[in-house]
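Participant: Residue numbering for the sequence shown follows this note's numbering, starting at 1 and increasing by one per position. Can you keep this structure in mind? I'll have questions shortly.
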Amino acid sequence: MAYHKRLTSDDPKIRIPAALAWTTWEKTTSNLIPPTDAADKSMDEEKFAEAFARIENHYFVNKGFFPTDEFLNENAYKIRHIPTVIVQGRYDVVCPMKTAWDFHKAFPEADFRVVQTAGHSAMEPGIAKELVEATNKFKKL
Numbered sequence: 001m002a003y004h005k006r007l008t009s010d011d012p013k014i015r016i017p018a019a020l021a022w023t024t025w026e027k028t029t030s031n032l033i034p035p036t037d038a039a040d041k042s043m044d045e046e047k048f049a050e051a052f053a054r055i056e057n058h059y060f061v062n063k064g065f066f067p068t069d070e071f072l073n074e075n076a077y078k079i080r081h082i083p084t085v086i087v088q089g090r091y092d093v094v095c096p097m098k099t100a101w102d103f104h105k106a107f108p109e110a111d112f113r114v115v116q117t118a119g120h121s122a123m124e125p126g127i128a129k130e131l132v133e134a135t136n137k138f139k140k141l
């Protein structure tokens with residue numbers, strides 16, 4: 001909650017550095033090979049950083065709007081009839097592999113795809129390829 005308090009401070013001298021720190025962390029950890037200019041780009045985009053950090057932090061502070069930590073896994077049976085593809089980067093440090101694997105165990109009908117050469121970002125080539133393949137498959141349903 002201390003970070004959330006800084007991120008939502010009325011004082012931009014507190015709020016902006018908190019937002020920039022969040023965005024820099026995200027940009028430098030989301031890719032298997034971090035872009036060399038990720039930190040520099042984060043510092044140039046104050047408005048983006050503030051919006052991005054606040055949106056993500058809002059979900060974390062509210063625990064994803066789930067009543068319990070295991071809510072999604074415990075209730076997966078309710079959506080098991082919906083065609084689903086789980087795409088997970090092998091080296092994702094933002095959303096670790098264990099979370100995707102646990103969800104897949106609760107939802108075995110889901111097509112579980114692990115991209116061996118990717119982290120978290122949907123912009124990484126392997127992740128993007130799997131997402132495009134999945135959406136192309138869905139448009140045929």
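Even for Gly, the Cβ is constructed at its ideal location relative to N, Cα and C. Treat the numbers as computed from the prediction; the structure is a model and nothing was measured.
If you reduce the DSSP assignment to three classes, tell me which class F112 lands in.
Facilitator: The answer is strand: DSSP assigns F112 an E or B state.
Participant: What does the Cβ neighbour count give for K75, buried or exposed, with the cut at 16 atoms within 10 Å?
Facilitator: For the record, residue 75 in the displayed sequence is Asn; it is not Lys. Exposed is the call here.
Participant: Rounded to a whole number of angstroms, what is the C-alpha to C-alpha distance between N136 and V115?
Facilitator: In a straight line, the C-alpha of N136 is about 18 Å away from that of V115.
Participant: Would you decide whether L141 is buried or exposed? Buried here means 16 or more other CB atoms lie within 10 Å of its CB.
Facilitator: Exposed.
Participant: Report the residue from V87, A106 and V93 whose alpha carbon sits nearest the alpha carbon of A134.
Facilitator: Ranking the options by Cα distance to A134, first place goes to V87.
Participant: Three-state secondary structure (DSSP) at V94?
Facilitator: Reduced to three states, the DSSP call for V94 is coil.
Participant: Candidates P67, T68, E70 and H104: which alpha carbon is nearest R80's?
Facilitator: The shortest C-alpha separation from R80 is found at H104.
Participant: Kindly indicate the opening and closing residues of the beta strand (DSSP E) around K86.
Facilitator: Looking at the sequence provided, one finds Ile at residue 86 rather than Lys. V85 to G89 is the span of the beta strand (DSSP E), which, as asked, contains I86.
Participant: Taking the alpha-carbon positions, what's the A106 to P83 distance?
Facilitator: Between A106 and P83, the C-alpha separation is close to 14 Å.
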